[in-house]
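Protein chains in written order, with the numbering used here: chain A, 247 to 396; chain B, 247 to 396.
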DNA sequence: AAAAAATACTTTAAGCTTAAAAATTTTAAT
DNA sequence: ATTAAAATTTTTAAGCTTAAAGTATTTTTT
């Protein structure tokens, strides 16, 4: 009977995580759209590029963001159109390209990131530091397929 | 300085939640696809209908799942094609329709739900009952736009 | 060197998602 | 009763997402 209850409790936890995550994502999407005329996937890609000064291969972006190759192709296409990133040939391997933020892209992301942190901080206002830390640790310890370097 | 650290800690928490949620969703998608030839959005819609014996209006479905009206329209279209749900006219209001699971849909969902709970239970293996409960409570207490009845 | 396998990326087809606009129908105001 | 406003749903346009197939290039095997 205890296993049964544990299973139900974990299911409830999952449903709540899902609900909170979707709500936060939805809020972020809305604000990125109205205040920065961009989308969450674009923001995520730019964040990955911003964190890594030298740019990333399509490949690495795809793995880091856990989305399909084809998906990254489309997002980068649009970011290039917008002048936020550029594809740079890799000497010695004509299959791959390195994607870098342009100066404009870097400046634009920098502004968004500051606000993004403020938004998150406000949305999670009810979470005290030790709770944030505790939950973070727990999430970090989840079995293999679920976590990864962060 | 403490506010600064708190903000960073909350941001870290958010990023981890996002990562775990995406990973779990990705696993669920994959299994629903390969083992039940369906998708997560279809599953979510069927879950909402299953929980409510009398069917729901498009309207209610949209609000309950927190997705746009137009989105629900498309998913229901496909579920109707598959014979899982049906649209039933509401007498007295020709604008709205009530969506109900068919017998086949109910049977199909019932099977999936059992497995779904098993999958979740396995994915969250590292979370003890008191932790699940604790985190669940915290998530539940988040400020207004973030939570809702569940 | 030629063939096979692996790697990096793009394309395609199908479906999900949203916001905004449109179409219908109902309710409220005048 | 007419008109205006609100409610319910669908349509549309744009973009996100995936799996699978396709293209080009590099590496490994034979």
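C-beta atoms are modelled at their ideal positions from N, C-alpha and C, and glycine is treated no differently.
Please confirm if residue i has its CB atom under 8 Å from at least one CB of chain A.
i: residue 266/B; result: yes
i: residue 316/B; result: no
i: residue 286/B; result: no
i: residue 304/B; result: no
i: residue 291/B; result: no
i: residue 322/B; result: no
i: residue 262/B; result: yes
i: residue 378/B; result: yes
i: residue 251/B; result: yes
i: residue 345/B; result: no
i: residue 373/B; result: yes
i: residue 259/B; result: yes
i: residue 312/B; result: yes
i: residue 270/B; result: yes
Less than 8 Å between CB atoms is the rule here; does residue i satisfy it with respect to chain B?
i: residue 385/A; result: yes
i: residue 282/A; result: no
i: residue 355/A; result: no
i: residue 363/A; result: yes
i: residue 297/A; result: no
i: residue 381/A; result: yes
i: residue 275/A; result: no
i: residue 388/A; result: yes
i: residue 366/A; result: yes
i: residue 351/A; result: no
i: residue 327/A; result: no
i: residue 187/A; result: A question about residue 187/A goes unanswered here, because the residues of chain A that appear run from 247 up to 396.
i: residue 279/A; result: no
i: residue 256/A; result: yes
Can you list, in chain order, the residues of its chain with a C-beta nearer than 6 Å to that of residue i? Leave out the 5 residues immediately preceding and following it.
i: residue 395/A; result: Only weak support is given to the placement of residue 395/A: the predicted model assigns it a pLDDT of 40, under 50, and the question is left unresolved by the model.
i: residue 376/A; result: none
i: residue 351/A; result: 330, 331
i: residue 340/B; result: none
Per DSSP, residue i forms a beta bridge with which residues?
i: residue 332/B; result: 346/B
i: residue 302/A; result: 345/A
Taking Cβ to Cβ, would you say residue i is nearer than 8 Å to residue j?
i: residue 371/B; j: residue 348/B; result: no
i: residue 373/A; j: residue 256/B; result: yes
i: residue 367/A; j: residue 253/B; result: yes
i: residue 343/A; j: residue 264/B; result: no
i: residue 299/A; j: residue 334/A; result: no
i: residue 297/B; j: residue 259/A; result: no
i: residue 381/B; j: residue 381/A; result: yes
Given residue i, which residues of its chain have a CB within under 7 Å of its CB, disregarding the five upstream and five downstream residues?
i: residue 321/B; result: 287, 288, 291
i: residue 392/A; result: Any reading at residue 392/A needs caution, since the residue's pLDDT is 48, under 50, leaving its predicted position unreliable; the model's value is listed next. So the list is empty, once near-sequence residues are dropped.
i: residue 354/B; result: 330
CB of residue i to nearest heavy atom of the ligand ZN: below 7 Å?
i: residue 260/A; result: The ligand ZN is not part of the structure shown, which contains no ligands of any sort.
Apart from the five residues on each side of it in sequence, which residues of its chain come closer than 8 Å, Cβ to Cβ, to residue i?
i: residue 308/B; result: 314, 315, 317, 318
i: residue 311/A; result: 290, 291, 294, 318
i: residue 281/B; result: 361
i: residue 365/A; result: 273, 274, 277
i: residue 251/B; result: none
i: residue 304/B; result: 315, 318, 319, 322, 342, 343, 345
- Does the stretch 271 to 289 of chain A touch the stretch 271 to 279 of chain B, meaning 3 or more C-beta pairs lie closer than 8 Å? no
- Counting pairs of beta carbons, one from the stretch 378 to 388 of chain A and one from the stretch 324 to 333 of chain B, are three or more of them closer than 8 Å? no
- Query: Do the stretch 355 to 367 of chain B and the stretch 288 to 305 of chain B meet, that is, are 3 or more Cβ pairs less than 8 Å apart?
  - Reply: yes
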